[in-house]
Amino acid sequence: MPQALYESRLTSLPLLGRGKVRENYAVGDDRILMVASDRLSAFDVIMGEPIPGKGALLTRMALFWFGKLQGIVPNHLTGEDPLAVVTPAEAEQIRDRAMLVKRLKPLPIEAVVRGYLAGSGWAEYQKSQSVCGVALPAGLRNADKLPQPIFTPATKAEMGDHDENISFEQAAALIGTDLATRVRDISIQLYQRAADFALTKGIIIADTKFEFGLDADGTLTLMDEVLTPDSSRYWPVESYAPGSNPPSYDKQFVRDWLEQATVDGKPWGKTAPAPALPPEVIARTVQKYEEALQRLTA
């Protein structure tokens, strides 16, 4: 197993912030070095144990998808080598797990696209027969394919809080109707191209979330990670069956384990600290991420 990186600690660049998985460092005032650690978050809580090699796998997968999605919308990659902006002593911390990207003004919404009914979408559908204000046909089951992909935005939560599903109208109130319409249409286009390709590799992308920002000229730009198992629900075609949660390539494996975990004899309350992940759960999670990347890129 590769050496795990729980947290990068670069001293040659100013730290802009630490997220659940990534650290962002300023490179001048127009670029950011994004470093993907091996941390894993589930239910918006960061696990105490890293998943060795996960950051490098996520970075490879994001770069793969940025390449596949070219031509739909500009992305934040600069094309420059991340190793060129750190000292030789810091190179090992970021090798294969960093992207040098344009500094953008992030939009305050998550652009979620769902092609299948799962997760919080399934929970909402059972109550209202709709998701984020989008009415859906009656009689759908958990994991059913939707008639067509739907845009179901969410607010961006502060660290430790939960993202909240919102309607298109609420998104439009936050960023303006024209921009919200463009984000919706582009997000569905991105999802459709990725989902169609993944199907040829035996993978269903049930849903995913995109993030966008505006550059200095106001150009809408795809940013952050894209279509990784951390931001998407990946299901192997061969074990997909509607009516229950299909097995997945994402961190659902960890979520399922946490749902059964107990702390002091009681079910874990989904607040920090998280229960310690056993070695077999860590190893299985690494295997899931590796298998997804191998399938997609084979």
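The opening position of the sequence shown corresponds to residue 220 in the numbering used here, with each subsequent residue numbered one higher. Glycine included, each C-beta is placed from N, C-alpha and C at the ideal position.
Looking at the DSSP output, Gly236 shares a beta bridge with Asn243. For Pro498, there is no enclosing beta strand (DSSP E); the enclosing alpha helix (DSSP H) has its first and last residue at Pro498 to Thr516. Residue range Gly338 to Ser347 is occupied by the alpha helix (DSSP H) that includes Gly340. With 16 or more other CB atoms across the displayed protein chains lying within 10 angstroms of its CB, Arg241 is buried. For the pair Asp426 and Ser451, the CB atoms are nearer than the 9 angstroms cut-off. Burial is judged here by how many other beta carbons sit within 10 angstroms of a residue's own beta carbon; Asp248 has fewer than 16 and is exposed.
The continuous beta strand (DSSP E) containing Ala317 extends over residues Ala317 to Lys321.
Cβ neighbours of Val305 within its own chain (closer than 8 angstroms, five residues either side excluded): Leu229, Ser231, Leu232, Leu252, Gln312 and Ile313. The DSSP-derived three-state label of Gly432 is strand. Excluding residues up to 5 positions away in sequence, Leu336, Ala337, Trp341, Pro461, Gly462, Ser463 and Asn464 lie with their Cβ nearer than 8 angstroms to the Cβ of Asn361 in the same chain. Taking C-beta separations shorter than 7 angstroms and ignoring five residues to either side along the sequence, the partners of Gln411 in its chain run Pro368, following chain order. Rounded to whole angstroms, Arg503 and Asn294 show a C-alpha spacing of 32 angstroms. Taking 9 angstroms as the cut-off, the Cβ atoms of Arg514 and Lys375 do not count as close.
Boundaries for Ala493: no alpha helix (DSSP H) harbours it, and the DSSP string shows neither H nor E there.
If you draw a straight line from the Cα of Trp476 to the Cα of Ser227, it is about 27 angstroms long. CA-to-CA, the gap between Ile424 and Gly484 works out to about 36 angstroms. Only residues of its own chain outside the window of five on either side were considered, and among them His295, Gly432, Leu433, Asp434, Thr440 and Met442 have a CB closer than 7 angstroms to the CB of Leu323, listed in chain order. Annotated three-state conformation of Leu398 is helix, per DSSP. Here Ser256 really is in contact with Leu224; their C-beta atoms are around 5 angstroms apart, less than 8 angstroms. Boundaries for Trp454: no alpha helix (DSSP H) harbours it, while the beta strand (DSSP E) harbouring it runs Ser451 to Pro455, taken from the DSSP string. Its chain contains Arg258, Leu259, Ser260, Val473, Ala493 and Leu496 as the residues whose beta carbon lies nearer than 8 angstroms to that of Met266, once the 5 sequence neighbours on both sides are disregarded; these appear in chain order.
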